[in-house]
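Presented below is the structure to which this report refers.
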Amino acid sequence: MRQQRTDRRSARTRRLLMGALMDLMLVKRYDAITVQEITDRADVGRSTFYAHFTDKDALLVDGARQMIGGLPAGDGAHVSLALLRHIGARAEMYVVMSRGRGLPLFLDALHRELTAVYADRLAARASAPPAVPLPLLAAMVSSMLLTALRGWLEAGAAEPPETVDRAFRTAADAAIRAGLAPA
């Protein structure tokens, strides 16, 4: 029972810290945000922050991991739309984040997480040795999605997520078909 209570407290603290960072990114460039400001906003002590994260970059990377972990576990086709909708619902924060060092760091973490997701899903679909090695194909598909995402954010997220997803899937489906074809 004690372990479960500790895990809930830890998860709650992590959510508070990530929420504080997101709130601050709406009003301030990521580069200018300090750990002290994050802990003040989350109403936790600095020692609590450092018990969970080494620095604010680690917090941001953990947020990317948590985001991907919270997306639907469908067949892979829905990962892109779920991600775009999630980010679209918070577009203002991500557009602000794109002006500083935060977005590239966040996108790198997302790339690692998405590549792992796509690698698992592509492996389940491959029936013979593929033309493109699965780790490379997964990285390529992840890169395509994040390139579309970055372009969408840099354009102010003006298009609906469904439009961006349709464009991404058109390109990604062709790459996946070619990549999974027998070698």
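In UniProt numbering, the protein residues as written are 1 to 183.
Glycine residues also receive a C-beta, built at the ideal position from the N, C-alpha and C atoms.
Computed from a predicted model, the values in this text were never measured in an experiment.
Range of the contiguous alpha helix (DSSP H) that encloses residue i
i    : result
R90  : Note, R90: premise wrong, no alpha helix (DSSP H); not H, not E.
D120 : G102 to R125
I33  : No alpha helix (DSSP H) holds I33; DSSP gives it neither H nor E.
Whether residue i touches residue j by CB criterion (9 Å)
i    : j    : result
L71  : D165 : no
M140 : A174 : no
A109 : V61  : yes
A183 : A131 : yes
T39  : R46  : yes
A119 : A91  : no
Assigned exposure category for residue i - 16 Cβ within 10 Å defines buried
i    : result
R121 : buried
Y50  : exposed
M136 : For the sequence presented, residue 136 should be read as Leu rather than Met. Per the 10 Å Cβ criterion, exposed.
T147 : exposed
Backbone CA spacing between residue i and residue j [nearest angstrom]
i   : j    : result
R2  : R9   : Low local confidence applies: a pLDDT of 48 at R2 is under 50, so the model's placement there is unreliable, and no value is given.
L21 : A157 : 21 Å
I33 : Y94  : 15 Å
R85 : P160 : 9 Å
CB-CB length for residue i against residue j, believed under 8 Å
i    : j    : result
I68  : L105 : Incorrect: roughly 15 Å between the Cβ atoms, too far for contact.
L149 : I87  : 7 Å
V44  : L16  : 6 Å
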